[in-house]
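Some notes on the structure that comes next.
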Amino acid sequence: MLRPESEAINKRFFEAIDELVKRRIIRGKKTFATRYELNWGNFYKLRKNPAMGFELCFLTWLVRDFGISSQWLLTGEGEMFAKRVVNQKSPV
1 MLRPESEAIN KRFFEAIDEL VKRRIIRGKK TFATRYELNW GNFYKLRKNP
51 AMGFELCFLT WLVRDFGISS QWLLTGEGEM FAKRVVNQKS PV
């Protein structure tokens, strides 16, 4: 079982994924999973159960590849998207 802070990070992770889909930066959640070679079934379970932990590299991908703010992702403070995107890849 995760601590409440970790569950909140998990929730923000999927909130960011949803926003990327909404903005058409990625096609869908399955596209994200496929891009990073994640098992779709396990990825789906993570979303349904925020108490499950996931690898920290998942957070790195959002920050590095999609411009999600690390401060927002970890603390919930500030804007979801960083003001400057360092290494954004082309849309998926």
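Just so it is clear: in the sequence shown, position 46 is 46 by the UniProt record's numbering, and no numbers are missing.
A virtual CB, placed ideally from N, CA and C, is assigned to each residue, including glycine.
None of the values given here were measured: they were computed from a predicted structure.
- In this structure, residue 69 sits away from residue 52, with a CB-CB distance that is not shorter than 9 Å.
- Beta-bridge annotation (DSSP): residue 81 is paired with 68.
- In this structure residue 39 is exposed. Its beta-carbon is surrounded by fewer than 16 other beta-carbon atoms within 10 angstroms.
- Secondary structure note for residue 17: its alpha helix (DSSP H) is the uninterrupted segment 4-22.
- The Cβ atoms of residue 59 and residue 74 lie closer than 9 Å to each other.
- Here the C-alpha atom of residue 29 lies approximately 19 Å from the C-alpha atom of residue 8.
- In the DSSP assignment, residue 47 falls within the unbroken alpha helix (DSSP H) covering 40-48.
- Selection 78, 24, 41, 50 evaluated against residue 2 yields 50 as nearest (Cα-Cα).
- Non-local beta-carbon contacts of residue 20 in its own chain, meaning distances under 7 Å to residues more than five positions away in sequence, involve 26, 66 in chain order.
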